[in-house]
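Heads up: the sequence shown is residues 718 to 942, going by this note's numbering.
Beta carbons: idealized from backbone N, C-alpha and C, even for Gly.
On a predicted model such as this, the values are computed, not experimentally measured, just so you know.
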Amino acid sequence: MTATVAEVTASAADFALYETFREFGDVRFEVERVAAGDGRVVPFVRVTHEDVAAVHEALDADSTTAVVEVLADLENERLYRIEWVDRVEAHVDALLERGGAVLSASGRNGQWLFRLLFPDRAALSRTYDHCADAGLDLSVERVFGIDEGRRGRYGLTDKQQDALQAAFERSYYSIPREVPAHELAAEIGVSHQALSERLRRAHETLLENTVMLGHEGDGDGSKGL
Numbered sequence: 718m719t720a721t722v723a724e725v726t727a728s729a730a731d732f733a734l735y736e737t738f739r740e741f742g743d744v745r746f747e748v749e750r751v752a753a754g755d756g757r758v759v760p761f762v763r764v765t766h767e768d769v770a771a772v773h774e775a776l777d778a779d780s781t782t783a784v785v786e787v788l789a790d791l792e793n794e795r796l797y798r799i800e801w802v803d804r805v806e807a808h809v810d811a812l813l814e815r816g817g818a819v820l821s822a823s824g825r826n827g828q829w830l831f832r833l834l835f836p837d838r839a840a841l842s843r844t845y846d847h848c849a850d851a852g853l854d855l856s857v858e859r860v861f862g863i864d865e866g867r868r869g870r871y872g873l874t875d876k877q878q879d880a881l882q883a884a885f886e887r888s889y890y891s892i893p894r895e896v897p898a899h900e901l902a903a904e905i906g907v908s909h910q911a912l913s914e915r916l917r918r919a920h921e922t923l924l925e926n927t928v929m930l931g932h933e934g935d936g937d938g939s940k941g942l
């Protein structure tokens, strides 16, 4: 049995804060930590927006929040303690009741991204079905075993990982470069063109699985070697 991590998304309309997203399309939410109180899940949420005061009013009025409390107030962001209404609480429970644990959660562009830990893939499958029955439709973006480490987490193939590692170790990314592309390609045992294409696809995959994760739109979808 291998512990499994899944990155899943859910629309704000299904989960929480849809009304706030509708009013402020560029607002960002990041769950910093989760506390338990009176049998409820109480997240501490970092909210980022150029007009956090206006966002606060929207949060207060949002039909999915029961309590909104400011813990810290900075220039363009605030840290909140938020208590959800029962419907959202039920969706959070659905994510956890089949053995799952929330590693991280964030919201942007009207969508929530969750990184969930399960004891095995069967638990992930049960959670997916359970959430659907509870009215929370999940889209599974990525699944990897804990034993796959960073390779699985970032979606790289073995050859892409090896090419990136060799390029980094040989200071290919230094300015100026300490090794020319044709020499690095020869060391890896591929043509100059093959190395260039492999690195390009590796860079695209890393961007999709880190910086762009949770954003709408993507690249050309190349996943080859």
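{"Check": "Which of helix, strand or coil DSSP assigns to Phe741", "Outcome": "coil"}
{"Check": "Cys848 versus Ala733: straight-line alpha-carbon distance, rounded", "Outcome": "14 Å"}
{"Check": "Exposure of Glu921, with buried meaning 16 or more beta-carbon neighbours within 10 Å", "Outcome": "buried"}
{"Check": "Cβ-Cβ separation, Trp829 to Ala729 (assumed contact under 8 Å), whole Å", "Outcome": "6 Å"}
{"Check": "Identified DSSP bridge partners for Gly862", "Outcome": "Thr721"}
{"Check": "Segments assigned alpha helix (DSSP H), at least 4 residues, entirely inside the segment 811-887", "Outcome": "838-850, 866-871, 875-886"}
{"Check": "Test item: CB-CB of Val784 and Val764 under 8 Å", "Outcome": "no"}
{"Check": "CB of Phe761 within 8 Å of CB of Leu788, strictly", "Outcome": "yes"}
{"Check": "Of the residues Glu886, Lys876, Asp810, Glu925, the one placed nearest Gly906, counting alpha carbons only", "Outcome": "Lys876"}
{"Check": "DSSP-derived helix/strand/coil call for Asp937", "Outcome": "Summary for Asp937: the model assigns pLDDT 43, below 50, so the residue's position carries little reliability, and this model does not support an answer."}
{"Check": "Ala884 versus Glu806 - alpha carbon distance", "Outcome": "47 Å"}
{"Check": "Assigned secondary structure, Tyr735 (DSSP; H/G/I helix, E/B strand, else coil)", "Outcome": "helix"}
{"Check": "Inter-residue Cα distance where the pair is Val748 and Asn793", "Outcome": "16 Å"}
{"Check": "8 Å Cβ cutoff, Ala733 in contact with chain B", "Outcome": "Absent here is chain B; the protein component of the structure consists of one chain."}
{"Check": "CB-CB length for Ala902 against Leu912, believed under 8 Å", "Outcome": "4 Å"}
{"Check": "Nearest-angstrom Cα separation, counted from Val896 out to Ala822", "Outcome": "40 Å"}
{"Check": "Beta carbon of Glu858 nearer than 8 Å to that of Glu724", "Outcome": "yes"}
{"Check": "Beta-carbon proximity check, Gly852 vs Pro836, cutoff 8 Å", "Outcome": "no"}
{"Check": "Distance, Arg804 Cα to Tyr797 Cα", "Outcome": "20 Å"}
{"Check": "For Tyr797: DSSP bridge partner residues", "Outcome": "Val762, Val787"}
{"Check": "Rounded C-alpha distance that separates Ser939 from Asp777", "Outcome": "Only weak support is given to the placement of Ser939: the predicted model assigns it a pLDDT of 39, under 50, and the question is left unresolved by the model."}
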